[in-house]
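Since the structure comes first, as structure tokens, the remarks are kept for the end.
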Amino acid sequence: MKTELIIRSNSSDIDFALLRDGKLIELNNETTGNKFSVGDIFLAKIGKVLTGLNASFVNVGYPKDGFLHYHDLGAQVNSLNSFLKKVSTGKYKEFTLKNFQKEEDINKDGSINKVLKTGQNLLVQIVKEPISTKGPRLSSELSIAGRYLVLVPFSNRVSVSQKIEDPKEKERLKRLAKSIRPKGFGVILRTVAEGKKVAELDKDLQNSLERWITMCKRIPNTNTPTKILSELNRASSILRDVMNETFTNIVTNDETLKVEIKEYLQEIYPEKEKIVKLHKSEVPIFEKYGIERQIKTSFGKTVSMSKGAYLVIEHTEALHVIDVNSGNRSNKAGSQEDTALEVNLISATEVARQLQLRDMGGIIVVDFIDMHKAENRNKLFQHLKEQMALDRTKHKILPPTKFGLIQITRQRVRPELSIKTTEDNPNKNGQVEAPIVLLDNIESDLEKYIINLEQQKSTDKKIQLHIHPFIAAYLTKGVNSIRFKWYLKHKKWITIIPRDAYTYLHYKFTSTKEEK
Numbered sequence: 383m384k385t386e387l388i389i390r391s392n393s394s395d396i397d398f399a400l401l402r403d404g405k406l407i408e409l410n411n412e413t414t415g416n417k418f419s420v421g422d423i424f425l426a427k428i429g430k431v432l433t434g435l436n437a438s439f440v441n442v443g444y445p446k447d448g449f450l451h452y453h454d455l456g457a458q459v460n461s462l463n464s465f466l467k468k469v470s471t472g473k474y475k476e477f478t479l480k481n482f483q484k485e486e487d488i489n490k491d492g493s494i495n496k497v498l499k500t501g502q503n504l505l506v507q508i509v510k511e512p513i514s515t516k517g518p519r520l521s522s523e524l525s526i527a528g529r530y531l532v533l534v535p536f537s538n539r540v541s542v543s544q545k546i547e548d549p550k551e552k553e554r555l556k557r558l559a560k561s562i563r564p565k566g567f568g569v570i571l572r573t574v575a576e577g578k579k580v581a582e583l584d585k586d587l588q589n590s591l592e593r594w595i596t597m598c599k600r601i602p603n604t605n606t607p608t609k610i611l612s613e614l615n616r617a618s619s620i621l622r623d624v625m626n627e628t629f630t631n632i633v634t635n636d637e638t639l640k641v642e643i644k645e646y647l648q649e650i651y652p653e654k655e656k657i658v659k660l661h662k663s664e665v666p667i668f669e670k671y672g673i674e675r676q677i678k679t680s681f682g683k684t685v686s687m688s689k690g691a692y693l694v695i696e697h698t699e700a701l702h703v704i705d706v707n708s709g710n711r712s713n714k715a716g717s718q719e720d721t722a723l724e725v726n727l728i729s730a731t732e733v734a735r736q737l738q739l740r741d742m743g744g745i746i747v748v749d750f751i752d753m754h755k756a757e758n759r760n761k762l763f764q765h766l767k768e769q770m771a772l773d774r775t776k777h778k779i780l781p782p783t784k785f786g787l788i789q790i791t792r793q794r795v796r797p798e799l800s801i802k803t804t805e806d807n808p809n810k811n812g813q814v815e816a817p818i819v820l821l822d823n824i825e826s827d828l829e830k831y832i833i834n835l836e837q838q839k840s841t842d843k844k845i846q847l848h849i850h851p852f853i854a855a856y857l858t859k860g861v862n863s864i865r866f867k868w869y870l871k872h873k874k875w876i877t878i879i880p881r882d883a884y885t886y887l888h889y890k891f892t893s894t895k896e897e898k
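Residues in the sequence shown are numbered from 383 upward in steps of one, following our numbering.
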């Protein structure tokens, strides 16, 4: 497996494309004006306390107030409130919590109006960014994420990521964490901590502790609402969370960003510093690595896959629905059941990629092709879980029903990434698919056409492609033309017929009996 991070920077924002074996699996955008990112900590002011909902609105400076539920207060919110009152005066400067006297934990089934009052100040952290008409979702159970561990103020708990399965390794990490844990703080060991030595863990912990102390120094004489601790920028955040030995390339078109990434890698993964490169080609960086084309082909309502199979992705108010279609496939597998399994496995891989790429959240229902054998349904379920294991976002997958439906819940912390893939029709009113995907569509339809001829046992027929003269010239240009590549792949010579009457994006396949 080969992983690459391609970063495109311009004056107003930065785009991050994560590639796995050349295929786009994650696309992120960081806008310089975005002040409300997951992980940011604010000194905020409590607004209206809603006893009926057991929640409160909180002013963090966003046009819509944030929402804080009682269950998101954290058991140690009384200690947090006491600490904030002492630090706000400017007289209390023991930010390490060594000698801080903790308050009693709140009752998990208590009432919010016993803990918070309208107008009081509170430290809150964004756990879900503003989406649509809703303000940010907040928590006052603060945490500061590092590369290997998460620091939790006012807690004494030490826990290890559930993704680390080896009991001995879990016990080792717990023992090391307890030996370096500062008094007054809890520690959560992340998945990437597996196999790390105590010195590496301690260095990461000290970095997080320094961030906490820096944040506390900003509290006195600060007006509310104010952001007092920012999450790392998206480049550092992505590298912190996913950087591993599979990374082979980090490329950016911005010299300053290249230097920043190198400096960050020196801290978290010094042996990978040399893979950071500056893009100098005149070809735009996203075109150079085939990302623009992948964006156009991956974000539409219909997503094509190999051998003619495709997904149809629909979004309703309540959930996402993904329909799996086999397309016009030859039945080379031993039976209809085998064909269904083959298509479903291909589709499961693409579904996992689409969820991560579009950052789809909430309830997702996938309608796979029906399979009668329980063992095949289990194969599909296990394969989907394996593919989804690479997704950093918290999710849960239920086993397939007898009707082939699989339900997935995926945590939604940011607005879903939606990219328009259609363009204005150059010939008349309306929208058409982007010309950049025309060749992909032609090749996909060619595969289906050849399969259809094979099913009709008409392999002796000559295939003709009727198309606009400009596109015809492009397909036949050069010795190693696109048409020649089709011949090598399909062992069929395609006769291309320029048609003046056709519009740019119009094409049609026909076939005639070959002359002997």
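Yeah, the Cβ is synthetic: ideal placement off N, Cα and C, and Gly gets one too.
In the three-state reduction of the DSSP assignment, residue 440 falls in the strand class.
At a cut-off of 3 residues, the continuous stretches assigned as beta strand (DSSP E) that sit fully inside the region 710-754 are 744-749.
Between the beta-carbon of residue 537 and that of residue 501 there is about 27 Å, and that puts the pair past the 8 Å contact cut. Around residue 562, the same chain offers 580, 583, 584, 587 as residues with beta carbons nearer than 7 Å, after the five sequence neighbours per side are excluded.
Cβ contact annotation for residue 589 (same chain, cutoff 7 Å, sequence separation greater than five): 528, in chain order. In this structure, 644 is the residue among 566, 600, 644, 776 with its C-alpha nearest to the C-alpha of residue 617. Annotation for residue 894: the continuous beta strand (DSSP E) segment containing it runs 889-895.
Around the C-beta of residue 771, fewer than 16 other C-beta atoms lie within 10 Å, and the residue is accordingly described as exposed. A direct Cα-to-Cα measurement between residue 647 and residue 833 gives close to 49 Å. Setting aside the 5 residues that flank it on each side, residue 857 is surrounded in the same chain by 863, 864, 865, 878, each with a C-beta closer than 7 Å to its C-beta; the list follows chain order. Rounded to the nearest angstrom, the Cβ distance from residue 519 to residue 456 is 14 Å, too far for a contact under 8 Å. When Cβ pairs closer than 8 Å are counted between the two stretches, the region 776-795 is seen to touch the region 732-746, the count reaching three or more.
With 16 or more neighbouring CB atoms inside 10 Å of its own CB, residue 465 falls in the buried class.
Per the coordinates, the alpha-carbon of residue 540 lies some 18 Å from the alpha-carbon of residue 484. Counting every other CB atom within 10 Å of its CB across the protein chains shown gives residue 829 a total of 16 or more, marking it as buried. In the DSSP secondary-structure assignment, residue 702 is bridged to 697, 746. In the displayed model, residue 866 falls within a helix according to three-state DSSP. Here residue 737 is near residue 773, since their CB atoms are less than 8 Å apart.
Taking C-beta separations shorter than 8 Å and ignoring five residues to either side along the sequence, the partners of residue 895 in its chain run 842, 843, 844, following chain order. Boundaries of the alpha helix (DSSP H) around residue 678: 673-680. Restricting attention to alpha helix (DSSP H) runs no shorter than 4 residues, the region 410-495 encloses them at 459-470, ordered along the chain.
By DSSP's assignment, residue 777 forms a beta bridge with 792.
For residue 570, the uninterrupted beta strand (DSSP E) segment begins and ends at 567-571. For residue 592, no pairing in a beta bridge is given by DSSP. Listed as beta-bridge partners of residue 510 by DSSP are 519. About 6 Å separates the beta carbon of residue 418 from that of residue 508, a gap short enough to meet the 8 Å contact definition.
By the CB criterion at 8 Å, residue 395 and residue 412 fall inside the cutoff. The Cβ atoms of residue 640 and residue 660 sit closer than 8 Å to each other. In chain order, 744, 745, 746, 747 place their CB closer than 7 Å to the CB of residue 701, counting only its own chain and leaving out the 5 sequence neighbours on each side.
8 Å or more divides the Cβ of residue 678 from the Cβ of residue 694. Contact between the region 627-639 and the region 383-392 is present: 3 or more CB-CB pairs across the two stretches fall below 8 Å. Excluding its 5 nearest sequence neighbours in each direction, residue 482 has C-beta neighbours in its own chain below 6 Å: 566, listed in chain order. The three-state secondary structure of residue 603, taken from DSSP, is coil. With fewer than 16 other CB atoms across the displayed protein chains lying within 10 angstroms of its CB, residue 557 is exposed. Minimum Cα-Cα distance from residue 399 among the listed residues 849, 670, 606, 548 corresponds to 670. Beta-carbon to beta-carbon, residue 728 and residue 688 are separated by about 6 Å, close enough to satisfy the 8 Å threshold.
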